[in-house]
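Numbering-wise, full-length UniProt numbering puts 100 at position 100 of the sequence shown, and it's gapless, one number per residue.
Each residue gets a CB set at the ideal place from its N, CA and C atoms; glycine is no exception.
Input: a single structure, listed below in structure tokens.
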Amino acid sequence: MAKMDDPTPLDKRKLIETIVTKDINLKASDSKNSDEEFSGEINLSFTAPTSEEAYDLLSGYIRFISTKVRVEVKDEIDDQIERKLNHAQKAYQMDLERIANARNVNVQRLKYALEIANAAGVKKPISSEGAQIKDDPDYSIAMGADALSSKLAITEAITDPTTVSSELKIAYIIFSS
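So, in structure tokens, the structure goes:
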């Protein structure tokens, strides 16, 4: 089988049967009498009538085990990648929602501040000739209704959260491709 370029499933099965039916000896290492380095390992030995058959048997066994290990490692890596990708996508969605919620809160506060400024008759920014004006940080009417209206229009126009955060823009590019 080691010499075959494209073994069929029947050839593979014959190889497995040959390996199983030949004089194969599996022996677990003795943990009391062996080095710790080899503790828990299994020793595989087998015999074959000729050195060529022994070589073929060993080569086939190595290929079989290598294929099994390769498939198992690949599946494990694929699973890890999928888990990390799902986690990153969920974190991305949460970030999008967080930014959208913050924007909605900001828009609502600007609307309230605009209503208050209009009700108070404050159209232009309040100026007190250098004196500091104490203004409510949530509903800042000191900038006046005109400025609040412009700020509200700009804030409402920004609907794409990825324009607010470069990290989200990068994540968007990664997840879109």
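**Asked** Which residue comes first and which comes last in the beta strand (DSSP E) that contains residue 47?
**Response** 42 to 47
- Name the DSSP beta bridge partners of residue 28, please? 42
ask   = Going by other Cβ atoms of all chains shown within 10 Å of its Cβ, with 16 needed for buried, is residue 121 buried or exposed?
value = So residue 121 ends up on the exposed side.
* Asked: With a CB to CB cut of under 8 angstroms and the five nearest residues on each side skipped, what residues in its chain are close to residue 107?
  -> 152, 155 and 156
request  = Would you mind listing the beta strand (DSSP E) stretches within the stretch 68 to 102 that are 3+ residues and don't spill past its ends, in chain order?
outcome  = none
- Whole-Å CB distance - residue 175 paired with residue 55, under 8 angstroms assumed: Contact doesn't hold; Cβ gap of about 51 angstroms is too wide.
Between residue 111 and residue 145, which are expected to be in contact by the criterion C-beta below 8 angstroms, what is the C-beta distance as a whole number of angstroms?
Rounded, the Cβ-Cβ distance is 12 angstroms, inconsistent with contact.
Problem set entry | Cβ pair residue 57, residue 46 closer than 8 angstroms | Yes, Cβ-Cβ distance for residue 57 and residue 46 is below 8 angstroms.
Q. Is it the case that the Cβ atoms of residue 142 and residue 161 are separated by a distance below 8 angstroms?
A. no
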